[in-house]
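Here the structure is laid out as structure tokens; the discussion comes afterwards.
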Amino acid sequence: MKFLASFVAFSSLANAHYTFPALIKDGAATTDWQYVRQWTGYYTNSPVTDVTSLDLRCNVNASTASSSTLAIPAGSTIGFTSSPDIFHPGPLQVYMASVPSGQTAATWDGSGTVWFKIFGQGPTFGTSLTWPTLDATQVNFTVPASLPSGEYLLRVEHIALHSASSAGGAQFYISCGQVDVTGGGTGTPTDLVAFPGAYKATDPGILINIYYPVPTSYTLPGPSVYE
47 MKFLASFVAF SSLANAHYTF PALIKDGAAT TDWQYVRQWT GYYTNSPVTD VTSLDLRCNV
107 NASTASSSTL AIPAGSTIGF TSSPDIFHPG PLQVYMASVP SGQTAATWDG SGTVWFKIFG
167 QGPTFGTSLT WPTLDATQVN FTVPASLPSG EYLLRVEHIA LHSASSAGGA QFYISCGQVD
227 VTGGGTGTPT DLVAFPGAYK ATDPGILINI YYPVPTSYTL PGPSVYE
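Once you know that position 98 of the sequence shown is 144 in our numbering, the rest is easy, because the numbers rise by one and skip nothing.
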């Protein structure tokens, strides 16, 4: 009976978590982990909670071994699937990093102050906070049309804030896709950050009580959005 109770509790906890296993192109989901780096423990969907950990970059021991690189046009709308649906309240953010010369998206580790934000979505305000991604099974966003052609890492991040009223309580659900941007422009992304390094545990968008008193504003952590 104790084993059964423990198993049920573990299963419930795992079901409350989620991951982003596949890219979406032209409105259709690709195969899980085909273009997204599979990470250790993905089957439990456990979040990252330490903002100083290397796992904040692409999740736990994210492997490139089975990941291909997906060609996407600059200016197009793409996305990630969520499996299961996004169960917790919190913001969604998307970052990209240009692969250095001499390396590929399939081999580069994403190190350095190289990441720029292309999307950020916080709550709407009222008697309570409303989070647009809550219960979503996919998230979509636009690749900047001015982004130069080339290979990039594409990092999706959902920050669950249901337990974020104490330091270390925020939960980061992260995946990194591998993409090759085609038909790009001549823009130069600025406001670059590193993972880890972009966030502090005490940032106002990470250390926050979203329930009481109900916030009247919210600041997305990290840099401004590159458009």
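All C-beta atoms in this analysis are idealised placements derived from N, C-alpha and C, irrespective of residue type, glycine included.
Test item: CB-CB of residue i and residue j under 9 Å
{"i": "G168", "j": "V202", "result": "no"}
{"i": "F187", "j": "L102", "result": "no"}
{"i": "A151", "j": "D72", "result": "no"}
{"i": "L138", "j": "T176", "result": "no"}
{"i": "S211", "j": "L253", "result": "yes"}
{"i": "P242", "j": "V97", "result": "yes"}
{"i": "F162", "j": "Y141", "result": "yes"}
{"i": "G231", "j": "A191", "result": "yes"}
{"i": "P67", "j": "S129", "result": "yes"}
{"i": "I164", "j": "V271", "result": "yes"}
{"i": "A117", "j": "T262", "result": "no"}
{"i": "H204", "j": "I256", "result": "no"}
{"i": "L69", "j": "A143", "result": "no"}
Residue i - DSSP class collapsed to helix/strand/coil
{"i": "T90", "result": "helix"}
{"i": "R201", "result": "strand"}
{"i": "D226", "result": "strand"}
{"i": "L100", "result": "coil"}
{"i": "Y64", "result": "coil"}
{"i": "T127", "result": "strand"}
{"i": "I256", "result": "coil"}
{"i": "V189", "result": "coil"}
{"i": "Y219", "result": "strand"}
{"i": "A74", "result": "strand"}
{"i": "V82", "result": "strand"}
{"i": "S109", "result": "strand"}
{"i": "P184", "result": "It should be noted that the sequence gives Gln, not Pro, for residue 184. If DSSP states are grouped into helix, strand and coil, Q184 belongs with the strands."}
{"i": "L116", "result": "strand"}
{"i": "G196", "result": "strand"}
{"i": "A213", "result": "coil"}
{"i": "A244", "result": "coil"}
{"i": "A279", "result": "Any property of residue 279 remains undetermined from this structure, which presents the chain solely from 47 to 273."}
Residue i, buried or exposed, once every other Cβ within 10 Å from all chains shown has been counted against 16
{"i": "L50", "result": "Its pLDDT being 39, under 50, L50 is placed unreliably by the model, and nothing is read from it."}
{"i": "P267", "result": "buried"}
{"i": "G251", "result": "buried"}
{"i": "E273", "result": "exposed"}
{"i": "G156", "result": "buried"}
{"i": "Y258", "result": "exposed"}
{"i": "V260", "result": "exposed"}
{"i": "T110", "result": "buried"}
{"i": "F171", "result": "exposed"}
{"i": "P235", "result": "buried"}
{"i": "N107", "result": "exposed"}
{"i": "T65", "result": "buried"}
{"i": "Q149", "result": "exposed"}
{"i": "P135", "result": "buried"}
{"i": "A213", "result": "exposed"}
One or two residues paired with residue i in a DSSP bridge
{"i": "W161", "result": "A143 and V239"}
{"i": "I132", "result": "None; I132 has no bridge partner."}
{"i": "Q167", "result": "L138"}
{"i": "T176", "result": "T170"}
{"i": "G233", "result": "In DSSP, G233 forms no bridge with anything."}
{"i": "L69", "result": "F126"}
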